[in-house]
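Chemist: The structure follows.
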Amino acid sequence: MEYRFERKRSDFWITVHENDGAYNISTKTGYIGIINYFFPILEKRSPTKWKESKKYEGMSTLWLPQDHYDRDVIAKFIDWCEHVTNDVLWLGINRNIQEYFKDELDYCIAADFNIVYGESRTEIGEAEYQLKYNAAQLSEDEKKKYIDVVMDKMLSSCAYVPFGKREDWYVSPMPATEAGREKMAWKMAEEMGRRLEIPFLRAVLFTYKPQMKNVSIEEKIQIWRKIYQSGAVSVNQPLRGKKVLIIDDLYQSGTTMWEYARFLKNLGAECVFGVVCVKSLKDRDNT
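Numbered per this note's numbering, the sequence shown spans residues 1 to 287.
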């Protein structure tokens, strides 16, 4: 019997194959850490541990022979596989930015797409749109309704973040000027920090950031790298050995988040994990 857990355009998949009482669990190699965090007993019970496939690049398999596992654990794991691969979108590095980045961003989750192809906005896509572009026209009840949708789905997404000790983590928005700190993404990150009870990392931008809606991915990367290398971004906490949860509203190409992750890693961050409201249908920015 074989179970295949995957979601279209999501980076994280798991296959569980059972044969004569033994199990083979396969996944993308980069996601072994997620499985091991939530189900460490599986690797402990495996005599061979995780092994990278010689046939398929980037895939690893874990073998559990008969009598080396608890059936209740396997049942819980299979149920978890369904949720972890389908409740959220796991965003890997896409072909448009892969030549510029490697492992700066450890993982990234989107609560959902912003739009269903050929149809309308998703529930959180509508909430993100209204709060970002129409907040001034919303009644207090409407605003609360949309904020509740965003917070509920973002907090649900965080159920798949391997927090461990929360004192090891910071929550951070993307770097912003004083004006940018009044926008949705920054306010959302502050609220996420409060609700998760994780300290807030202020990433203050001290320079003018040009509009990037009509620049290429390469140009956007060059602009951000120049900003970071010039010392125009400051964070209010030491990051050596710490982990950072980046909160943002929209992920398109991922360029901005990956560049910020690079900056955080250069400051000593051990792990950088992104959680965003929505993923656009396209993997390129507005060019």
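Glycine included, C-beta positions come from ideal geometry on N, C-alpha and C.
Everything numeric in this text was worked out from a predicted model, so none of it was measured.
Once DSSP output is grouped into helix, strand and coil, what is the label at residue 124?
Modeler: For the purposes of this step, residue 124 is taken as residue 124 along the sequence shown, with counting starting at 1. Residue state, collapsed to three classes: helix.
Chemist: Considering only their Cβ atoms, is the gap separating residue 240 from residue 274 smaller than 8 Å?
Modeler: Reading the sequence shown from its first residue, position 274 is the one you call residue 274. Reading the sequence shown from its first residue, position 240 is the one you call residue 240. No, Cβ-Cβ distance for residue 274 and residue 240 is not below 8 Å.
Chemist: So for residue 245, helix, strand or coil by DSSP?
Modeler: The residue labelled residue 245 in the question sits at position 245 within the sequence shown. Looking at residue 245 - three-state DSSP - the assignment turns out to be strand.
Chemist: Given residue 123, which residues of its chain have a CB within under 7 Å of its CB, disregarding the five upstream and five downstream residues?
Modeler: Here residue 123 refers to the residue found at position 123 when the sequence shown is read from its first residue. Answer for residue 123: 149, listed in chain order.
Chemist: In three-state terms, what does DSSP make of residue 216?
Modeler: Here residue 216 refers to the residue found at position 216 of the sequence shown. Residue 216 falls in the coil class under three-state DSSP.
Chemist: Under three-state DSSP, which class holds residue 236?
Modeler: As a working mapping, residue 236 is identified with position 236 in the sequence shown. Three-state result, residue 236: coil.
Chemist: Which runs of the alpha helix (DSSP H), 4 residues or longer, sit entirely within the stretch 157-226?
Modeler: Counting whole runs of 4 or more residues, the stretch 157-226 contains the alpha helix (DSSP H) stretches 184-196.
Chemist: Going by C-alpha to C-alpha distance, which of 88, 203 and 79 sits closest to residue 264?
Modeler: As a position in the sequence shown, residue 264 is number 264, starting the count at 1. Of 88, 203 and 79, the residue nearest in Cα terms is 203.
Chemist: Roughly how many angstroms lie between the CA atoms of residue 246 and residue 201, to the nearest whole one?
Modeler: Taking the sequence shown and counting its residues from 1, the one referred to as residue 246 is at position 246. Taking the sequence shown and counting its residues from 1, the one referred to as residue 201 is at position 201. Rounded to whole angstroms, residue 246 to residue 201 spans 9 Å at the Cα level.
Chemist: Counting pairs of beta carbons, one from the stretch 97-106 and one from the stretch 156-170, are three or more of them closer than 8 Å?
Modeler: Flag = no, the stretch 97-106 and the stretch 156-170 do not touch.
Chemist: Pick from 270, 62 and 283: whose alpha carbon is nearest that of residue 255?
Modeler: The count along the sequence shown starts at 1 and reaches residue 255 at position 255. The shortest C-alpha separation from residue 255 is found at 283.
Chemist: What residue from 40, 79 and 83 has the CA that sits closest to residue 10's CA?
Modeler: As a working mapping, residue 10 is identified with position 10 in the sequence shown. The residue with the shortest Cα to Cα distance from residue 10 is 83.
Chemist: I'd like the ranges of any alpha helix (DSSP H) spanning at least 4 consecutive residues and lying wholly in the stretch 4-91.
Modeler: Within the stretch 4-91, the complete alpha helix (DSSP H) runs of at least 4 residues are 32-38, 40-45 and 71-86.
Chemist: How would you write the range of the beta strand (DSSP E) that residue 279 sits in, first residue to last?
Modeler: Taking the first residue of the sequence shown as 1, we reach residue 279 at position 279. Note, residue 279: beta strand (DSSP E), 271-279.
Chemist: Secondary structure at residue 112, three-state DSSP: helix, strand or coil?
Modeler: Against the sequence shown, residue 112 aligns to sequence position 112. In this structure, residue 112 counts as strand in the three-state DSSP scheme.
Chemist: Nearest CA to the CA of residue 205: which residue from 214, 229, 196 and 194?
Modeler: Start at 1 with the first residue of the sequence shown, and residue 205 comes out as number 205. Nearest option by C-alpha distance: 229.
Chemist: Using the beta-carbon count (16 or more within 10 Å), is residue 207 buried or exposed?
Modeler: Position 207 of the sequence shown holds residue 207. Under this definition residue 207 is an exposed residue.
Chemist: In angstroms with no decimal places, state the Cα-to-Cα distance between residue 40 and residue 26.
Modeler: Walking along the sequence shown from the start, residue 40 turns up at place 40. Walking along the sequence shown from the start, residue 26 turns up at place 26. Roughly 15 Å between the two C-alpha positions.
Chemist: On the DSSP letters alone, give me the boundaries of the alpha helix (DSSP H) that residue 259 sits inside.
Modeler: Indexing the sequence shown from 1 puts residue 259 at position 259. That run of the alpha helix (DSSP H) goes 255-266.
Chemist: Excluding the five sequence neighbours on either side, which residues of its own chain have a C-beta within less than 6 Å of the C-beta of residue 65, listed in chain order?
Modeler: In the sequence shown, the residue the question calls residue 65 occupies position 65. Result list for residue 65: 22, in chain order.
Chemist: Are the Cβ atoms of residue 38 and residue 90 separated by less than 8 Å?
Modeler: Translated into the one-based positions of the sequence shown, residue 38 becomes position 38. Translated into the one-based positions of the sequence shown, residue 90 becomes position 90. No, these two residues do not count as a Cβ contact at 8 Å.
Chemist: Buried or exposed: residue 57, going by 16 or more other Cβ atoms within 10 Å of its Cβ?
Modeler: Here residue 57 is taken as the residue at index 57 of the sequence shown, counted from 1. It is exposed - the Cβ of residue 57 has fewer than 16 other Cβ atoms within 10 Å.
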